[in-house]
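Since the structure comes first, as structure tokens, the remarks are kept for the end.
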Amino acid sequence: MNDSNNKMELLGNAPIPKALMALGVPIMIGMLINALYNLVDAYFVGGLGESPMGAISIVFPLGQVVVGLGLMFGNGAASYLSRLLGRGDKDTANKVASTALYSSVIIGAVIIIFAAIFLKPILFLLGATDTIMPYAVAYARIYVISCIFNVFNVTMNNIVSSEGAAKTTMCALLLGAVLNIGLDPVFIYVLNMGVVGAAIATAISQLVSTLVYVAYVFRKKSAFSFSMRNFNPSKQILIEILKIGVPTLTFQLLTSLSIALINRAANGYGDAVIAAMGAVTRITSMGTLVVFGFLKGFQPIAGFSYGAKNFARLREAIKTSILWSTCFCVVVGLLMIIFPEQIISQFANGNAEMLSAGTKSLMANGLSFFLFGFYTVYSSLFLALGKGTAGFVLGTCRQGICFVPVILFLPIVWGMNGILYAQPIADVLSASITIFMAIHLHKELKKTEAISSSPKEE
Numbered sequence: 003m004n005d006s007n008n009k010m011e012l013l014g015n016a017p018i019p020k021a022l023m024a025l026g027v028p029i030m031i032g033m034l035i036n037a038l039y040n041l042v043d044a045y046f047v048g049g050l051g052e053s054p055m056g057a058i059s060i061v062f063p064l065g066q067v068v069v070g071l072g073l074m075f076g077n078g079a080a081s082y083l084s085r086l087l088g089r090g091d092k093d094t095a096n097k098v099a100s101t102a103l104y105s106s107v108i109i110g111a112v113i114i115i116f117a118a119i120f121l122k123p124i125l126f127l128l129g130a131t132d133t134i135m136p137y138a139v140a141y142a143r144i145y146v147i148s149c150i151f152n153v154f155n156v157t158m159n160n161i162v163s164s165e166g167a168a169k170t171t172m173c174a175l176l177l178g179a180v181l182n183i184g185l186d187p188v189f190i191y192v193l194n195m196g197v198v199g200a201a202i203a204t205a206i207s208q209l210v211s212t213l214v215y216v217a218y219v220f221r222k223k224s225a226f227s228f229s230m231r232n233f234n235p236s237k238q239i240l241i242e243i244l245k246i247g248v249p250t251l252t253f254q255l256l257t258s259l260s261i262a263l264i265n266r267a268a269n270g271y272g273d274a275v276i277a278a279m280g281a282v283t284r285i286t287s288m289g290t291l292v293v294f295g296f297l298k299g300f301q302p303i304a305g306f307s308y309g310a311k312n313f314a315r316l317r318e319a320i321k322t323s324i325l326w327s328t329c330f331c332v333v334v335g336l337l338m339i340i341f342p343e344q345i346i347s348q349f350a351n352g353n354a355e356m357l358s359a360g361t362k363s364l365m366a367n368g369l370s371f372f373l374f375g376f377y378t379v380y381s382s383l384f385l386a387l388g389k390g391t392a393g394f395v396l397g398t399c400r401q402g403i404c405f406v407p408v409i410l411f412l413p414i415v416w417g418m419n420g421i422l423y424a425q426p427i428a429d430v431l432s433a434s435i436t437i438f439m440a441i442h443l444h445k446e447l448k449k450t451e452a453i454s455s456s457p458k459e460e
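Mind the numbering: the sequence shown is residues 3 to 460 in our numbering, read in order.
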């Protein structure tokens, strides 16, 4: 009970810098390590050659689609749960948490079975070449099945974050990541299992993270009660979860689509360019996941403050989050701009074509990454406040509304450069749209604050 009170204190009363540090930094560290082990995967597999490296780049968006189900239920529930805790409605919160968890696992299992049955056609659609396909199939057979653990982990990640238990999320991500980093070289090289070894290492690591969350639930550390008794997919609960969850899933699907479109566009330029773009995606994900992790701490504070009608606290949380995330993005962007060749060379295995393409793309992504913190604060904020439609529009800008037309058109008129610079151009367009939506949101919040405070004045 004392632990639960401490979480509520962080969400509702602690100074914003302290609350953001306590809630955001542990998740940020966990997601940074999580991104690091994706990068380590690419590093070790890159030593096998450009075709195996291209294979994990091809399979990556398929895994993201499956994980998107966990995000749909987890992130959708997290937004609602934070607001329920702000209102003090514990009974409904228990029903929402249980419904989200069980629904994600059941639907995730169905999608995984479907993906396993139609694996080769799916990999072909994702851009696998004849030389990449054997490696992609070998890797995906294990990786896709293991995604059931990741669906559970992602759902719990969001639910646990909504109650302010950031250290639990950090431990789950950290243990899985460190284990994966240690197992990769053993399975890939020592046991000579190649890409299959990389998939097995990932599966074991995801299982360990799952066990951390299971232990958290059974030790009754959570503010929520997870049980089939609380499983209640009522219309009201599903609407509240899905109005935020569907935009989140759409964002995840568009992320997968964007990677698939890049891979298909690069298909005609050979395995080296596909591998290069895969390396750039994983490198930039180091930065994006850190920002996402930090904002997992921001979201429950924003949702709780909005639910409690504490608008001054909400504004302070927004300003501080924009400042901190932008400073981080500028630093990371500068590293990409100043040291692109040195970074890409760690994955190129001496391949000059891969090094050249990766270097150009990483520099361009570094420049546009300056804007990522600002964009992501607001895309997270709309969802935290339960504004599903606006969150949907803004969340789909970077990988969908802005990106898809660019990646479909630009390579036709600009060749390979159109592939390398597609994401940075989409980033600039998305940040421009964010400015207009942010201005509108703040006007709306001022009106809501005026209405909620007027009875007190009387």
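We put the beta carbon where it would ideally sit given N, CA and C, even for glycine.
Rounded to whole angstroms, what is the Cα-Cα separation between E446 and G397? Translated into the one-based positions of the sequence shown, residue 446 becomes position 444. Translated into the one-based positions of the sequence shown, residue 397 becomes position 395. Going from the Cα of E446 to the Cα of G397 covers about 19 Å.
Contacting residues, own chain, Cβ-Cβ under 6 Å from M3 (five flanking each side not counted): For the purposes of this step, residue 3 is taken as residue 1 along the sequence shown, with counting starting at 1. Low confidence applies to M3: its pLDDT is 46, below 50, so where it sits in the model is not reliable, and the reading given next is rough at best. For M3, where only same-chain residues beyond five positions count, there are no Cβ hits under 6 Å.
Between which two residues does the alpha helix (DSSP H) containing V332 stretch? For this step, residue 332 is matched to residue 330 along the sequence shown. Element bounds for V332: 313-340.
Just to check my reading of the structure: E165 and S224 have Cβ atoms closer than 8 Å, yes? What is that Cβ distance to the nearest angstrom? Within the sequence shown, the letter at position 163 stands for residue 165. Within the sequence shown, the letter at position 222 stands for residue 224. Confirmed, about 7 Å.
Is the separation between the beta-carbon of S53 and that of I134 shorter than 9 Å? Taking the sequence shown and counting its residues from 1, the one referred to as residue 53 is at position 51. Taking the sequence shown and counting its residues from 1, the one referred to as residue 134 is at position 132. Yes, these two residues count as a Cβ contact at 9 Å.
When the distance is taken between beta carbons, is G129 closer than 9 Å to R266? Here the question's residue 266 lines up with position 264 in the sequence shown. Here the question's residue 129 lines up with position 127 in the sequence shown. Against a cut-off of 9 Å, the Cβ pair of G129 and R266 comes out as a contact.
Taking only three categories from DSSP, how would you classify A452? The count along the sequence shown starts at 1 and reaches residue 452 at position 450. Helix.
Tell me the residue span of the alpha helix (DSSP H) that contains D93. Residue 93 sits at position 91 when you count from the first residue of the sequence shown. D93 -> alpha helix (DSSP H) spans 92-119.
Does the Cβ of Q344 have 16 or more other Cβ atoms within 10 Å, making it buried, or fewer, making it exposed? What you label residue 344 is simply residue 342 of the sequence shown in a count that begins at 1. By the 10 Å Cβ count, Q344 comes out exposed.
8 Å Cβ shell around L38 - same chain, five flanking residues per side excluded: Here residue 38 refers to the residue found at position 36 when the sequence shown is read from its first residue. A179, I183, M288, listed in sequence order.
When the Cα atoms are used, what is the spatial distance from L185 to E242? Position 183 of the sequence shown holds residue 185. Position 240 of the sequence shown holds residue 242. Using only the alpha carbons, I get a separation of about 40 Å.
Can you list, in chain order, the residues of its chain with a C-beta nearer than 7 Å to that of A142? Leave out the 5 residues immediately preceding and following it. If you number the sequence shown from 1, residue 142 lands on position 140. So the list reads V61, L64, L121, L125, once near-sequence residues are dropped.
Alpha carbon to alpha carbon, how far is G88 from M23? As a position in the sequence shown, residue 88 is number 86, starting the count at 1. As a position in the sequence shown, residue 23 is number 21, starting the count at 1. Near 20 Å, if we compare the C-alpha coordinates of M23 and G88.
Residue range of the alpha helix (DSSP H) that includes F253: For the purposes of this step, residue 253 is taken as the residue at position 251 of the sequence shown. From DSSP, the alpha helix (DSSP H) with F253 extends over 237-269.
Given this structure, state the Cα-to-Cα distance separating A1 from G295, to the nearest angstrom. Coverage of the chain is limited to positions 3 through 460, which leaves residue 1 absent and any answer about it impossible.
Distance check for I35 and I285, CA to CA, integer angstroms please. Taking the first residue of the sequence shown as 1, we reach residue 285 at position 283. Taking the first residue of the sequence shown as 1, we reach residue 35 at position 33. Their Cα atoms are separated by approximately 13 Å.
Where M195 falls: helix, strand or coil (DSSP): To locate residue 195, count along the sequence shown from 1; it is residue 193. M195 falls in the coil class under three-state DSSP.
On a CA-only basis, which of V198, V430, S59, V98 is nearest A140? Give me that one, please. Numbered from its first residue, the sequence shown carries residue 140 at position 138. Minimum Cα distance to A140 is reached at V198.
Using three-state DSSP, classify G417 as helix, strand or coil. The residue given as residue 417 occupies position 415 in the sequence shown. Correct three-state label for G417: coil.
Evaluate I453 with the Cβ neighbour count: other Cβ atoms within 10 Å of its Cβ, from every protein chain shown; 16 or more gives buried, anything less gives exposed. For this step, residue 453 is matched to residue 451 along the sequence shown. Exposed.
Quick one: using the 10 Å Cβ neighbour count with 16 as the cut-off for buried, is W326 buried or exposed? Residue numbering aside, residue 326 sits at position 324 when the sequence shown is read from its first letter. So W326 counts as buried.
So what does DSSP say about L396, is it helix, strand or coil? The sequence position of residue 396 within the sequence shown is 394, counting from 1. It is helical.
Using 8 Å as the cut-off, classify the Cβ of M23 as near or not near the heavy atoms of the ligand FMN, replying yes or no. Although the ligand FMN was asked about, the structure shown includes no ligands whatsoever.
Please tell me whether F300 and A386 are closer than 9 Å, where the distance is taken between their beta carbons. By one-based count along the sequence shown, residue 300 stands at place 298. By one-based count along the sequence shown, residue 386 stands at place 384. For F300 and A386, yes; Cβs fall inside 9 Å.
Report the rounded CA-to-CA distance for G305 versus I435, giving the unit in angstroms. The sequence position of residue 305 within the sequence shown is 303, counting from 1. The sequence position of residue 435 within the sequence shown is 433, counting from 1. Rounded to the nearest angstrom, the two C-alpha atoms are 23 Å apart.
Tell me which residue opens and which closes the alpha helix (DSSP H) that V162 is part of. Numbered from 1 along the sequence shown, position 160 holds the residue referred to as residue 162. First-last of the alpha helix (DSSP H) with V162: 135-164.
Three-state secondary structure assigned by DSSP to Y218: Locating residue 218 in the sequence shown gives position 216, counting from the first residue. Helix.
Is T378 near T290, with beta carbons less than 9 Å apart? If you number the sequence shown from 1, residue 378 lands on position 376. If you number the sequence shown from 1, residue 290 lands on position 288. Result yes, Cβ atoms of T378 and T290 sit closer than 9 Å.
What's the C-alpha gap between S527 and A277? The structure shown does not extend to residue 527, since the chain spans only 3 to 460, so no value can be given for it.
Touch check for the segment 221-235 and the segment 94-102: three-plus C-beta pairs under 8 Å? yes
Taking the CB atoms as reference points, tell me whether L73 and N160 lie closer together than 9 Å. Here residue 73 refers to the residue found at position 71 when the sequence shown is read from its first residue. Here residue 160 refers to the residue found at position 158 when the sequence shown is read from its first residue. Yes, they are a contact pair.
Alpha-carbon spacing of V421 relative to L50, whole angstroms: Counted from its first residue, the sequence shown places residue 421 at position 419. Counted from its first residue, the sequence shown places residue 50 at position 48. Strictly speaking, residue 421 in this sequence is Ile, with Val absent from that position. If you take the alpha carbons of I421 and L50, they lie about 25 Å apart.
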